[in-house]
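Colleague: Residue numbers (the working numbering), protein chains in the order written: chain A, 1 to 208; chain B, 209 to 416. All C-beta atoms, glycine included, are put in the ideal place defined by N, C-alpha and C. From a predicted model like this one, the values you see are computed outputs, not experimental measurements.
Protein chains: 2
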Amino acid sequence: MSVITVLLVDDHLVVRSGLKALLGTQPDIEVVAEASSGEEALAAVEGHAPDVVVMDLAMGPGMDGIEAIRKLRERNRRQAVLVFTTYDSDADIVRAVDAGAMGYLLKDAAPEEIFAAVRGAVQGKSVMSPPVASRLFQQLRNPDEVLTPREAELLSLLTEGLSNRELGQRLFISEATVKTHLAHIYAKLGVETRAAAIATAIRREGMR
Amino acid sequence: MSVITVLLVDDHLVVRSGLKALLGTQPDIEVVAEASSGEEALAAVEGHAPDVVVMDLAMGPGMDGIEAIRKLRERNRRQAVLVFTTYDSDADIVRAVDAGAMGYLLKDAAPEEIFAAVRGAVQGKSVMSPPVASRLFQQLRNPDEVLTPREAELLSLLTEGLSNRELGQRLFISEATVKTHLAHIYAKLGVETRAAAIATAIRREGMR
DNA sequence: TGGTCTCTCAGCCTTTTGGCTGATACCGCC
DNA sequence: GGCGGTATCAGCCAAAAGGCTGAGAGACCA
Numbered sequence: 001m002s003v004i005t006v007l008l009v010d011d012h013l014v015v016r017s018g019l020k021a022l023l024g025t026q027p028d029i030e031v032v033a034e035a036s037s038g039e040e041a042l043a044a045v046e047g048h049a050p051d052v053v054v055m056d057l058a059m060g061p062g063m064d065g066i067e068a069i070r071k072l073r074e075r076n077r078r079q080a081v082l083v084f085t086t087y088d089s090d091a092d093i094v095r096a097v098d099a100g101a102m103g104y105l106l107k108d109a110a111p112e113e114i115f116a117a118v119r120g121a122v123q124g125k126s127v128m129s130p131p132v133a134s135r136l137f138q139q140l141r142n143p144d145e146v147l148t149p150r151e152a153e154l155l156s157l158l159t160e161g162l163s164n165r166e167l168g169q170r171l172f173i174s175e176a177t178v179k180t181h182l183a184h185i186y187a188k189l190g191v192e193t194r195a196a197a198i199a200t201a202i203r204r205e206g207m208r
Numbered sequence: 209m210s211v212i213t214v215l216l217v218d219d220h221l222v223v224r225s226g227l228k229a230l231l232g233t234q235p236d237i238e239v240v241a242e243a244s245s246g247e248e249a250l251a252a253v254e255g256h257a258p259d260v261v262v263m264d265l266a267m268g269p270g271m272d273g274i275e276a277i278r279k280l281r282e283r284n285r286r287q288a289v290l291v292f293t294t295y296d297s298d299a300d301i302v303r304a305v306d307a308g309a310m311g312y313l314l315k316d317a318a319p320e321e322i323f324a325a326v327r328g329a330v331q332g333k334s335v336m337s338p339p340v341a342s343r344l345f346q347q348l349r350n351p352d353e354v355l356t357p358r359e360a361e362l363l364s365l366l367t368e369g370l371s372n373r374e375l376g377q378r379l380f381i382s383e384a385t386v387k388t389h390l391a392h393i394y395a396k397l398g399v400e401t402r403a404a405a406i407a408t409a410i411r412r413e414g415m416r
């Protein structure tokens, strides 16, 4: 069995260091490169052609993890991407899977889970932490609760504290339309006021 | 020079592992114990009497970091507590310092910063990441922007999406009083609507 | 003792928001 | 060609939120 080469992408040195120490205990896994941003990750993939990329989603300013995953796929690389992040927000999960992630792990995952995910990824197997999987199932079971792209866009702006009027101006639609979208969003999120929608969005949807 | 003993408290194994690897490179620093919750931390301090406790603030369910720091101080322990966390929210910083933290580091801190903070802590020196320090200075310069305890309490409930009426019921005050507090909060946060206040609170004040 | 801060409350008025109903248009799909 | 989903818009009404002014009580401090 050949060694699996891994690229670590996380803006926190401590996390990279910990992941490297953990993966280093496995004889069949080797960390061949590290990156602290999406840009660096792209360059590192070019240079090292790793089998697996383990990537955080939140990486400070610049390209975020999702964008980096998408860019990697555009370049027709064959390496598998594993998302390794702190939050299991619905929006992030969907977006990451959509962008082409092979797996989705939470940072409190057990070492065995991480090892299994890395090994699975090179074989084309999807691995995700139980909480992540259950969220995905929930979405599949309740498709009524999935926001449309336009609604998600609106919700995202909503979390910046804009009024209906401002939302309309920003999206080039009338205030009436804004209100219609909001009504749908409230229904899907199970809330009744914009305040609760914002709270839910930022916490549950991870729209920070 | 004797070796500095350290207790690591973080609910993420990866972070503990990384921190341990990093600190392990320093001959005068030794990680003698780890804990993944506030409860465990308290027990570990009893058992190992470390010189320094490096603690994350967010630790899933149960006792959070702030509470753990407070409990440690109540027990008259002499170890220094260093906060090591991802976010530099105003509220967390103030609360941590208030609870008795000796330093406040962000997880993207350079290794040298971390080492210096650990060494400084045992000598009674406060060390904090530059972004954290600047936030504290900002608060000292603009005391007008500091929320009163009652306002902070209200803001916290606000981020749960409650209406004015509900806020009043929850706090046993009239709706009029709620509105007064809100007006003050808006002024201090520099916003004009509750939506913006919630967004600001969750993002800047770290009220998740 | 007087000043300042904080917390509490009230009334009045305007703006914003949310609930409801109904409507048009485009798109993809069976 | 119709049907469901999405996106757009309008009008009406009630409820909620926000701006403004003023004010009393208690705490704390100089």
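1. Please state whether DSSP places A/L8 in a helix, a strand or coil.
2. On the DSSP bridge list, what partners appear for B/Y394?
3. Compute the distance between the beta-carbons of B/A324 and B/M310, then report whether it is under 8 Å.
4. With DSSP collapsed to three states, give me the class of B/F323.
5. With a cut-off of 8 Å on the beta carbons, I'd call A/A35 and A/V9 a contact; round off their distance for me.
6. Going by DSSP, name the residue or residues bridged to B/A241.
7. Where do the ends of the beta strand (DSSP E) carrying A/L105 lie?
8. Measure the C-alpha to C-alpha separation of B/K279 and A/A43 and round it to an integer number of angstroms.
9. When you compare only the Cα positions, how much space is there between B/E183 and B/Q287?
10. Is B/S225 near A/G18, with beta carbons less than 8 Å apart?
11. DSSP state of B/L290, grouped into three classes?
12. With the cut-off set at 8 Å, would you say B/L366 and B/A409 are in Cβ contact?
13. Strictly under 8 Å for the Cβ-Cβ distance: is A/L13 near chain B by that measure?
14. Helix or strand or just coil, what does DSSP make of B/V354?
15. Confirm, please, whether the CB-CB distance from B/V214 to B/V291 is below 8 Å.
16. Tell me the DSSP secondary structure of A/V127 in three-state form.
17. Using the three-state DSSP reduction, which class does A/V54 fall into: helix, strand or coil?
18. Quick one: residues in its chain with C-beta nearer than 8 Å to the C-beta of A/S174, no 5 flanking neighbours on either side, listed in chain order?
19. Leaving out five residues before and five after A/I4 in sequence, what residues of the same chain have Cβ atoms less than 8 Å from its Cβ?
20. Whose CA, out of B/L314, B/L379, B/R412 and B/L363, lies closest to the CA of B/R402?
21. Using a Cβ-Cβ cut-off of less than 8 Å, give me the residues of the segment 396-416 of chain B that come near chain A, in sequence order.
22. Around the Cβ of B/T233, are there at least 16 other Cβ atoms within 10 angstroms (buried) or fewer (exposed)?
23. Using the C-alpha atoms, what's the distance from A/L57 back to A/D64?
24. Is the Cβ of A/K179 closer than 8 Å to any Cβ of chain B?
Modeller: Once the coordinates are examined:
1. Your numbering for residue 8 of chain A matches position 8 in the first sequence. For A/L8, the three-state secondary structure derived from DSSP is strand.
2. Along the second sequence, read from residue 1 onward, the residue named residue 394 of chain B stands at position 186. B/Y394 is not bridged to any residue.
3. Taking the first residue of the second sequence as 1, we reach residue 324 of chain B at position 116. Taking the first residue of the second sequence as 1, we reach residue 310 of chain B at position 102. No, Cβ-Cβ distance for B/A324 and B/M310 is not below 8 Å.
4. As a first step, residue 323 of chain B must be located in the second sequence, where it is residue number 115. Residue state, collapsed to three classes: helix.
5. By one-based count along the first sequence, residue 35 of chain A stands at place 35. By one-based count along the first sequence, residue 9 of chain A stands at place 9. Yes, they are in contact, since the Cβ atoms of A/A35 and A/V9 sit about 5 Å apart, within 8 Å.
6. In the second sequence, the residue the question calls residue 241 of chain B occupies position 33. Per the DSSP secondary-structure output, B/A241 pairs in a beta bridge with B/L215.
7. By one-based count along the first sequence, residue 105 of chain A stands at place 105. That run of the beta strand (DSSP E) goes G103 to L106.
8. As a first step, residue 279 of chain B is located in the second sequence; it is residue number 71 there, counting from the start. As a first step, residue 43 of chain A is located in the first sequence; it is residue number 43 there, counting from the start. Going from the Cα of B/K279 to the Cα of A/A43 covers about 47 Å.
9. For chain B, the structure presents residues 209 to 416; residue 183 of chain B sits outside this window and is missing.
10. As a working mapping, residue 225 of chain B is identified with position 17 in the second sequence. As a working mapping, residue 18 of chain A is identified with position 18 in the first sequence. Taking a C-beta distance under 8 Å as the contact criterion, B/S225 and A/G18 qualify as a contact pair.
11. Your numbering for residue 290 of chain B matches position 82 in the second sequence. It is a strand residue.
12. In the second sequence, the residue the question calls residue 366 of chain B occupies position 158. In the second sequence, the residue the question calls residue 409 of chain B occupies position 201. For the pair B/L366 and B/A409, the CB atoms are nearer than the 8 Å cut-off.
13. Indexing the first sequence from 1 puts residue 13 of chain A at position 13. Yes - at least one Cβ of chain B is within 8 Å of the one on A/L13.
14. For this step, residue 354 of chain B is matched to residue 146 along the second sequence. In this structure, B/V354 counts as coil in the three-state DSSP scheme.
15. Counted from its first residue, the second sequence places residue 291 of chain B at position 83. Counted from its first residue, the second sequence places residue 214 of chain B at position 6. In this structure, B/V291 lies away from B/V214, with their beta-carbon atoms at least 8 Å apart.
16. For this step, residue 127 of chain A is matched to residue 127 along the first sequence. It is a strand residue.
17. Within the first sequence, the letter at position 54 stands for residue 54 of chain A. In the three-state DSSP reduction, A/V54 falls in the strand class (E or B).
18. Translated into positions along the first sequence, residue 174 of chain A becomes position 174. Answer for A/S174: G168, listed in chain order.
19. As a working note, residue 4 of chain A is residue 4 in the first sequence. D28, I29, E30, D51, V52, V118, R119 and V122, listed in sequence order.
20. Residue 402 of chain B sits at position 194 when you count from the first residue of the second sequence. Closest option to B/R402, Cα to Cα, is B/L363.
21. Under the 8 Å Cβ criterion, the segment 396-416 of chain B contributes V399, T401, R402, A403, A404, A405, I406, A407, T408, I410, R411 and R416.
22. Here residue 233 of chain B refers to the residue found at position 25 of the second sequence. B/T233 comes out exposed.
23. Residue mapping note: residue 64 of chain A aligns to position 64 of the first sequence, counting from 1. Residue mapping note: residue 57 of chain A aligns to position 57 of the first sequence, counting from 1. Answer to the nearest angstrom: the Cα atoms are 6 Å apart.
24. Position 179 of the first sequence, counted from the start, is the residue given in the question as residue 179 of chain A. No, because no Cβ of chain B sits closer than 8 Å to the Cβ of A/K179.
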